[in-house]
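Student: Per our numbering, the very first residue in the sequence shown carries number 57; after that it's consecutive.
Built from N, CA and C at the ideal position, the CB exists for glycine as well.
Could you have a look at this structure, given as structure tokens, before my questions?
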Amino acid sequence: MSAQKSYFRPLVQHGLARPDAALPLAGGEGWFTHVEVLARGRAPEFMPASDMPAEYYVLLTQPRPPIAGLTFDRPRVMGILNATPDSFSDGGVHAQAEAAIAAGRGMCAAGVDILDIGGESTRPGSSYIDPDEEIARVTPVIAGLRDSGCLISIDTRKARVAQAAVAAGAALVNDVSGLTHDAEMAPFCASQNLPVCIMHAQGDPATMQQDPRYDDVLLDVYDALHGRIAQVQRQFGIAPAQIIADPGIGFGKTQTHNLALLARLSLFHALGVPVLLGASRKKFIGTIGKMPVAADRAAGSIGVALAALGHGIQVLRVHDVPQTIQAIALWRAATAGRYP
């Protein structure tokens, strides 16, 4: 192979016919015997997993440490709870705190692992809102759910909102800007030893869908996340053991970009951290599934979620919580040939 940078993607498998030489994937239920070797401007190649560089052996096989007490030995579900009037799918449904709290408790009863509570829409074309307004939307909901038994995540890119949310009971920060929007966000998370979800986005929500371009979307997004994880560790002391990575489906990406990422999602395991997929109800699902109304995209969203499980993805961020949890249970049972 040439000296050009190579990327190693595990060809993930599940099920009973597991060869003795198979390697475990990140402490989860998947395994692999071969990797796809990718490089810019070169056709993919394949090699036995035993021949890949030692550093990738460690990155791909080591179990992911628990985050905020949540283990990653099985798939986890993050339920979307938007306390907003204008989110693309459920804007206004949970705009009142009482409705949002009731919905959150319903998700917890259904078995959700994380509640991701947001007070600012980041849909394409959305506008920035004042932090005080965002705080007023999310803190009553978080306070009302802090005794629910679910891990609470605050979906925000603003440090003041994160501070108020953590004071109310949130224990994880999910920042669609990858901790880049607000210069105070990373220092705050580091000072509180907070776990963070770092997402990739090209551009700001207001403009991100205006002709996004990449040289190679898969490798560009991987390099951006890899660089950002290294930067926040070096600059702020946020360790990879406190980080979840999200390739940011639909954030500065066309349908073609989204599908290229979904087809090779398992590459992101080489980041050495749990991987989250947030594709629920997004526009490409409506386009391909011929469902123009976002609320009608549960089946398509579950189809994408199960494909992601095939890649060994650890966290699925979804709107349709009970249906997704049911689908995961059946996928795992059918794959393993047993229940429980």
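Between R65 and the rest of its own chain, which residues show a CB-CB distance below 7 Å, the 5 nearest in sequence each way excluded?
Tutor: V91, E92, L94, R320, S322 and L323
Student: Could you have a look at S58 and say whether DSSP puts it in helix, strand or coil?
Tutor: Interpretation of S58 is limited by its pLDDT of 45, a score under 50 that renders its predicted location unreliable; the figure taken from the coordinates is listed afterwards. It is coil, neither helix nor strand.
Student: Would you be able to state if there are at least three C-beta pairs under 8 Å between the stretch 332 to 341 and the stretch 349 to 359?
Tutor: yes
Student: Please confirm whether L362 and A389 have their CB atoms less than 8 Å apart.
Tutor: no
Student: In the DSSP output, what is S209 paired with across the bridge?
Tutor: Paired residues: D172 and L228.
Student: Tell me the DSSP secondary structure of F88 in three-state form.
Tutor: strand
Student: Taking the straight line between their C-alpha atoms, what separation do you get for A158 and R98?
Tutor: CA-CA distance, A158 to R98, rounds to 52 Å.
Student: Taking Cβ to Cβ, would you say T127 is nearer than 8 Å to P80?
Tutor: no
Student: Taking only three categories from DSSP, how would you classify A82?
Tutor: coil
Student: For N138, which residues does DSSP report across the bridge?
Tutor: According to DSSP, which records beta bridges pairwise, N138 is partnered with G174.
Student: I need the DSSP call for R202, collapsed to helix, strand or coil.
Tutor: coil
Student: So who's on the other strand from C253, going by DSSP bridges?
Tutor: N230 and I300
Student: Could you name the residues of the same chain whose beta carbon sits closer than 6 Å to that of Q60, not counting the 5 residues immediately before and after it, in chain order?
Tutor: A95
Student: Which whole-angstrom value is the C-beta distance of C206 and C164, which I expect to be below 8 Å?
Tutor: 5 Å
Student: Out of L275, T195, E240 and N230, which has the shortest C-alpha to C-alpha gap to F292?
Tutor: That would be E240, whose Cα lies nearest to the Cα of F292.
Student: On the criterion of 16 or more Cβ atoms from any shown chain inside 10 Å, does F102 qualify as buried, or is it exposed?
Tutor: Exposed is the call here.
Student: So, with DSSP's three-state summary, where would you put F292?
Tutor: helix
Student: For L115 and D376, I'd like the C-alpha separation in whole angstroms.
Tutor: 32 Å
Student: Take L171 and list the residues in its own chain whose beta-carbon comes closer than 8 Å to its own, dropping the five residues that flank it on each side.
Tutor: M134, G135, L137, G160, M163, C164, L201, S204, C206, L207, I208 and S209
Student: In angstroms, rounded to a whole number, what distance separates the CA positions of T343 and S247?
Tutor: 43 Å
Student: When you compare only the Cα positions, how much space is there between S183 and P109?
Tutor: The straight-line gap from Cα to Cα measures roughly 45 Å.
Student: Restricting to Cα atoms, I'd like to know which of I123, R269, I185 and Q219 is closest to I198.
Tutor: Per the Cα distances, Q219.
Student: Which same chain residues, not among the five before or five after V168, have their C-beta less than 8 Å away from its C-beta?
Tutor: V133, M134, G135, C206, V377 and I381
Student: Over what stretch of residues does the beta strand (DSSP E) that includes A99 continue unbroken?
Tutor: R98 to P104
Student: Pop quiz: P255 and D188 are said to be a contact at Cβ under 8 Å. What is the actual Cβ separation, rounded to whole angstroms?
Tutor: Note on residue identity: the sequence assigns Met, not Pro, to residue 255. Not quite, the Cβ-Cβ distance comes to about 24 Å (not below 8 Å), so this is no contact.
Student: Quick one: is T178 near chain B, going by C-beta distance under 8 Å?
Tutor: Among the chains of the structure shown, chain B does not appear; only one protein chain is present.
Student: Below 8 Å on the Cβ atoms is my guess for L327 versus I285; work out the distance and round it to an integer in Å.
Tutor: The Cβ separation is near 6 Å, so the contact holds.
Student: Sort Q287, P296 and K309 by Cα distance to D272 and report the nearest one.
Tutor: K309
Student: Given that a residue counts as buried once 16 or more other Cβ atoms are within 10 Å of its Cβ, and exposed if not, what is V371?
Tutor: buried
Student: To the nearest angstrom, report how far apart A153 and L365 are at their CA atoms.
Tutor: 33 Å
Student: Taking DSSP as the reference, what is the three-state secondary structure of A110?
Tutor: helix
Student: Return the bridge partner residues of Y63 from the DSSP annotation.
Tutor: In DSSP, Y63 forms a bridge with L94.
Student: Cα separation between A257 and G234?
Tutor: 8 Å
Student: What residues in its chain sit with their C-beta under 6 Å from that of P196, if we drop five residues either side in the sequence?
Tutor: A153
Student: Distance, Cα to Cα, P131 vs A166?
Tutor: 15 Å
Student: Shortest alpha-carbon distance to L67 belongs to which of A385, I369, P396 and R373?
Tutor: I369
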